[in-house]
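Numbering (my numbering), first residue to last: 9 to 93.
All residues carry an ideal CB built from backbone N, CA and C; glycine is no exception.
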């Protein structure tokens with residue numbers, strides 16, 4: 009099974025109130041060296057056969073992201089066991 013990951017983020021010029029709230033809370037945790045936080049979404053699409061990046065791009069463009077305020081990137085997820093929580 010092939011997995012394609014779509015990461016969706018607000019465009020840099022769009023205000024991110026959720027990210028701003030996290031950035032404002034960090035000093036209360038003793039973290040003072042972070043200047044900015046942006047919050048996004050990660051969507052995983054599993055294909056039955058080979059990963060179809062063109063199809064994933066179409067899905068992201070038409071359904072997963074709002075192209076007016078969001079950008080997205082797509083990549084093939086290589087190995088789930090290599091991730092560290």
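Tell me whether residue 12 is buried or exposed, calling it buried when 16 or more other Cβ atoms sit within 10 Å of its Cβ. Here residue 12 corresponds to residue number 4 of the chain shown, with the count starting at 1. With 16 or more Cβ atoms within 10 Å of its Cβ, residue 12 is classed as buried.
Helix, strand or coil, according to DSSP, for residue 48 in the structure here? As a working note, residue 48 is residue 40 in the chain shown. If DSSP states are grouped into helix, strand and coil, residue 48 belongs with the strands.
Would you grab the beta carbon distance between residue 18 and residue 46 for me? Rounded to a whole angstrom, and I think it's under 8 Å. Reading the chain shown from its first residue, position 10 is the one you call residue 18. Reading the chain shown from its first residue, position 38 is the one you call residue 46. Contact holds; Cβ gap of about 7 Å.
Got a sec, what are the start and stop residues for the alpha helix (DSSP H) residue 30 sits in? Looking up residue 30 in the chain shown gives position 22. It spans 25-33 - the alpha helix (DSSP H) in which residue 30 sits, taken as one unbroken run.
Based on Cα-Cα distance, which residue from 68, 10, 43 and 21 lies nearest to residue 29? By 1-based counting over the chain shown, the position of residue 29 is 21. When each option's Cα is compared against that of residue 29, the closest is 43.
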